[in-house]
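Top line first, the protein sequences correspond to chains G and U.
Numbering of the first sequence is given in this note's numbering, commencing with residue 90 and proceeding in unit increments.
Numbering of the second sequence is given in this note's numbering, commencing with residue 90 and proceeding in unit increments.
Protein chains: 2
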Amino acid sequence: MEFDLIELIRRHTGQARDDVRVGIGDDAAVLAPPPGKDLVMAIDTLVEGVHFPRGTAPADIGWKALAVNLSDLAAMGASPAWALLALTLPSADAAFVEGFAEGFAKLAQPHRLALVGGDTTRGPLTISVAVHGFVPPGQALTRAGARLGDAVLVTGTLGDAAAGLHALQHPPREDDGRTVLRGFLVERLSRPTPRLAVGTALRGQATACVDVSDGLLADLGHICVASGVAAEIETALLPRSSALLELYDDTTALHFALSGGDDYELCFTVPAARLAEVQAGLARLGCGATKIGRIVEGEGVRVRAADGSSLATDRPGWEHFA
Amino acid sequence: MEFDLIELIRRHTGQARDDVRVGIGDDAAVLAPPPGKDLVMAIDTLVEGVHFPRGTAPADIGWKALAVNLSDLAAMGASPAWALLALTLPSADAAFVEGFAEGFAKLAQPHRLALVGGDTTRGPLTISVAVHGFVPPGQALTRAGARLGDAVLVTGTLGDAAAGLHALQHPPREDDGRTVLRGFLVERLSRPTPRLAVGTALRGQATACVDVSDGLLADLGHICVASGVAAEIETALLPRSSALLELYDDTTALHFALSGGDDYELCFTVPAARLAEVQAGLARLGCGATKIGRIVEGEGVRVRAADGSSLATDRPGWEHFA
Numbered sequence: 090m091e092f093d094l095i096e097l098i099r100r101h102t103g104q105a106r107d108d109v110r111v112g113i114g115d116d117a118a119v120l121a122p123p124p125g126k127d128l129v130m131a132i133d134t135l136v137e138g139v140h141f142p143r144g145t146a147p148a149d150i151g152w153k154a155l156a157v158n159l160s161d162l163a164a165m166g167a168s169p170a171w172a173l174l175a176l177t178l179p180s181a182d183a184a185f186v187e188g189f190a191e192g193f194a195k196l197a198q199p200h201r202l203a204l205v206g207g208d209t210t211r212g213p214l215t216i217s218v219a220v221h222g223f224v225p226p227g228q229a230l231t232r233a234g235a236r237l238g239d240a241v242l243v244t245g246t247l248g249d250a251a252a253g254l255h256a257l258q259h260p261p262r263e264d265d266g267r268t269v270l271r272g273f274l275v276e277r278l279s280r281p282t283p284r285l286a287v288g289t290a291l292r293g294q295a296t297a298c299v300d301v302s303d304g305l306l307a308d309l310g311h312i313c314v315a316s317g318v319a320a321e322i323e324t325a326l327l328p329r330s331s332a333l334l335e336l337y338d339d340t341t342a343l344h345f346a347l348s349g350g351d352d353y354e355l356c357f358t359v360p361a362a363r364l365a366e367v368q369a370g371l372a373r374l375g376c377g378a379t380k381i382g383r384i385v386e387g388e389g390v391r392v393r394a395a396d397g398s399s400l401a402t403d404r405p406g407w408e409h410f411a
Numbered sequence: 090m091e092f093d094l095i096e097l098i099r100r101h102t103g104q105a106r107d108d109v110r111v112g113i114g115d116d117a118a119v120l121a122p123p124p125g126k127d128l129v130m131a132i133d134t135l136v137e138g139v140h141f142p143r144g145t146a147p148a149d150i151g152w153k154a155l156a157v158n159l160s161d162l163a164a165m166g167a168s169p170a171w172a173l174l175a176l177t178l179p180s181a182d183a184a185f186v187e188g189f190a191e192g193f194a195k196l197a198q199p200h201r202l203a204l205v206g207g208d209t210t211r212g213p214l215t216i217s218v219a220v221h222g223f224v225p226p227g228q229a230l231t232r233a234g235a236r237l238g239d240a241v242l243v244t245g246t247l248g249d250a251a252a253g254l255h256a257l258q259h260p261p262r263e264d265d266g267r268t269v270l271r272g273f274l275v276e277r278l279s280r281p282t283p284r285l286a287v288g289t290a291l292r293g294q295a296t297a298c299v300d301v302s303d304g305l306l307a308d309l310g311h312i313c314v315a316s317g318v319a320a321e322i323e324t325a326l327l328p329r330s331s332a333l334l335e336l337y338d339d340t341t342a343l344h345f346a347l348s349g350g351d352d353y354e355l356c357f358t359v360p361a362a363r364l365a366e367v368q369a370g371l372a373r374l375g376c377g378a379t380k381i382g383r384i385v386e387g388e389g390v391r392v393r394a395a396d397g398s399s400l401a402t403d404r405p406g407w408e409h410f411a
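Written out as structure tokens, the structure reads:
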């Protein structure tokens, strides 16, 4: 049955790329990397009940399994090329695989990403995807490189995915006319948009970059550690969606924005002198980026409330096994 | 805790390679592929209770998770370079990770394989490894290409791993003086040797190649399907270890050799005229390869018993979800 499942996935995700010499169906895939580029690769796993609730639509799982990985490529400024899929399933469930492949393919296709190999096994529902992409040599964005005085920015809005999970877990008892707002937040959770165009546009512009998967405080914290600096952000500047602000009080919305994971926005730093130019460039790509603070001396991430006071941030974001 | 686990693994498996520009610790790894080579990549998953028994030593799991993947590279004739690891664990068990990393590193080091990225998550014990290697352009060995009259060969011996699993599941009631023999078979199960040197030596020699992971009948069957041919093998020619033959009767040993998976030997085809030369070359590498049959017209794998009769082969090997 293994081969039928993989074939089903192949049919959905079949994506012609000249650089695939041997695709799915042999012991391994054979690819022709473009000359003179750096290869960027990442792997991420989704486990049922940990990274997505039981009962999540298979197509949403397929989309998200790829999205969280493409988001890692985006954070490095890489353009995607190929993926490997390791799918562990309790049983050979063709309907599940069909849905999964459809969601996976829907995200893969506009990015010209080819699924080139895979392995299906029996076991608790777990999906690992390894993605591969390219950057011009030496141009990958890393977490190290943020410098004193740099502006700290994020794309899109923060906290939506955490609010979406909360909304799923706390459905209203009766129709309150806010179903559309909740739907927006749930969509942000289940179909995150990897910011690939932003990532490539930031090559040579951003001094450091990370994707917001574990929560802003945790992920910006990674930039601080890797760069040997601190960051100071202001709550009043955090971009939050109108859905989030309408459905949740300010304290809760702020908590989601600071500590909620799964947004898959990019958080990055740019020299203050380049701020306007970078923001204008990203706006032309259709993805706004908001300045939320700056890089300062010290360690860690400090949060300043609207009244100027410091916010205690004892919940630095979701860590696996935390 | 995620970062501590990955750091623990990094420390054990730290392997200097000039081509790793950014290793573990960022959103993705950045590598400099060698110019003018084809990139070969595969992913394989091990699930506790499916691919290894509960209670398997962590170091054995670490070794095997990498070995089954390196075996895929070997079957393509590729030289290994980099790996990504997705480790899903029920809890942040440092002792498990320490043992796992030790076994993984022990196999990685002699092959100069660098672990360049990873993801640890909470969930049922599941390990996916993605491996990457290189071949000169166009020289990857595939399953397609076997031609009428080619000799069919396998490296090493067959059936040991299946017998090792049987021995583990049926321990003797008292010491029967054959502990060493059983130990050999169990070692073959838990610490398989990927035939990387054989794989690279077969570039330009073998017409088709596959690794024996699902059992000889199933895997040679893949070559037949991909090449549009049939294979005829002779039971009398199947290489079987003395441990296998001493501990099991001939029928059982034959069943293990034909249908047992997990041996990770290579099965390949070479033009008959080159047989002696190829065998001599592999013998010089310290890994014998035995001729077990030949490629004929038709479909599927036929098995001829010592008396010349055809063997019914209704159990074609272990398929996931079968």
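By construction, the Cβ of each residue, glycine as well, lies at the ideal position given by its N, Cα and C atoms.
- Only exposed fits D338(U), as fewer than 16 other CB atoms lie within 10 angstroms of its CB.
- In the DSSP assignment, L326(G) is bridged to no other residue.
- Interface criterion not met: the Cβ of G349(U) is under 8 Å from no Cβ in chain G.
- When secondary structure is reduced to three states using DSSP, K153(U) falls in the helix class.
- Contact with chain U is absent for V301(G), since none of that chain's Cβ atoms lies less than 8 Å from the residue's Cβ.
- By the beta-carbon neighbour count (other beta carbons within 10 angstroms, threshold 16), V287(U) is buried.
- The stretch 264-297 of chain G contains, as complete alpha helix (DSSP H) runs of 4+ residues, the segments 268-279, 285-290 (chain order).
- For the stretch 204-215 of chain U, residues whose beta-carbon sits nearer than 8 Å to a beta-carbon of chain G comprise V205, G206, G207, D208, T209, T210, R211, G212, P213, T215.
- Our two residues, E276(U) and H101(G), have alpha carbons roughly 41 Å apart in a direct line.
- Look at P328(G): its C-beta is not under 8 Å from any C-beta on chain U.
- In the DSSP assignment, the residues bridged to D127(G) are V224(G).
- Under the 8 Å criterion on CB atoms, A146(U) is classed as non-interfacial with respect to chain G.
- Against chain G, the beta carbon of L128(U) has neighbours under 7 Å at L120, P122, listed in chain order.
- At a beta-carbon threshold of 8 Å, the residues of chain G lying near I132(U) are L173, L174, A175, G206, G207, D208, S217, A219, ordered along the chain.
- Of the candidates L178(G), P169(G), T210(G), D182(G), the residue whose Cα lies closest to the Cα of R201(G) is P169(G).
- By the Cβ neighbour-count rule, H259(U) is exposed, with fewer than 16 other Cβ atoms within 10 Å of its own.
- Within the DSSP bridge table, the entry for V241(U) names T358(U), G382(U) as partners.
- Relative to the Cα of E137(U), the nearest Cα in the group V129(U), G151(U), G377(U), L128(U) belongs to G151(U).
- Taking C-alpha positions only, F185(G) is separated from A362(U) by approximately 49 Å.
- Excluding the 5 residues flanking it on each side, L347(G) has same chain C-beta neighbours closer than 6 Å at L305, L306, in chain order.
- A164(U) reaches chain G at D115, D116, A117, counting residues in chain order whose Cβ is nearer than 9 Å.
- Contact annotation: T134(U) and I216(U) have beta-carbon atoms nearer than 8 Å.
- Assignment of R201(G) by DSSP, reduced to helix, strand and coil, places it in the coil class.
- Cβ neighbours of P226(U) within its own chain (closer than 8 Å, five residues either side excluded): G125, K126, D127.
- When the alpha-carbon of I384(G) is set against those of A148(G), A295(G), V111(G), the nearest one is in A295(G).
- Taking the Cβ atoms as the reference, A167(G) lies roughly 7 Å from A117(U), within the contact range of under 8 Å.
- Taking the CA atoms as reference points, A197(G) sits about 7 Å from A203(G).
- Taking C-beta separations shorter than 6 Å and ignoring five residues to either side along the sequence, the partners of G245(U) in its chain run E354, following chain order.
- Within the stretch 223-237 of chain G, those residues whose Cβ lies closer than 9 Å to any Cβ of chain U are, in chain order, V224, P226, G227, A229, L230, T231, R232, A233.
- Among the CB atoms of chain G, none fall inside 8 Å of the CB of D239(U).
- Neighbours of A250(U) in chain G, taken as residues whose beta carbon is under 8 Å from its own, are absent, since the nearest beta carbon is some 17 Å off.
- Here the alpha carbon of L336(U) sits roughly 13 Å from the alpha carbon of L257(U).
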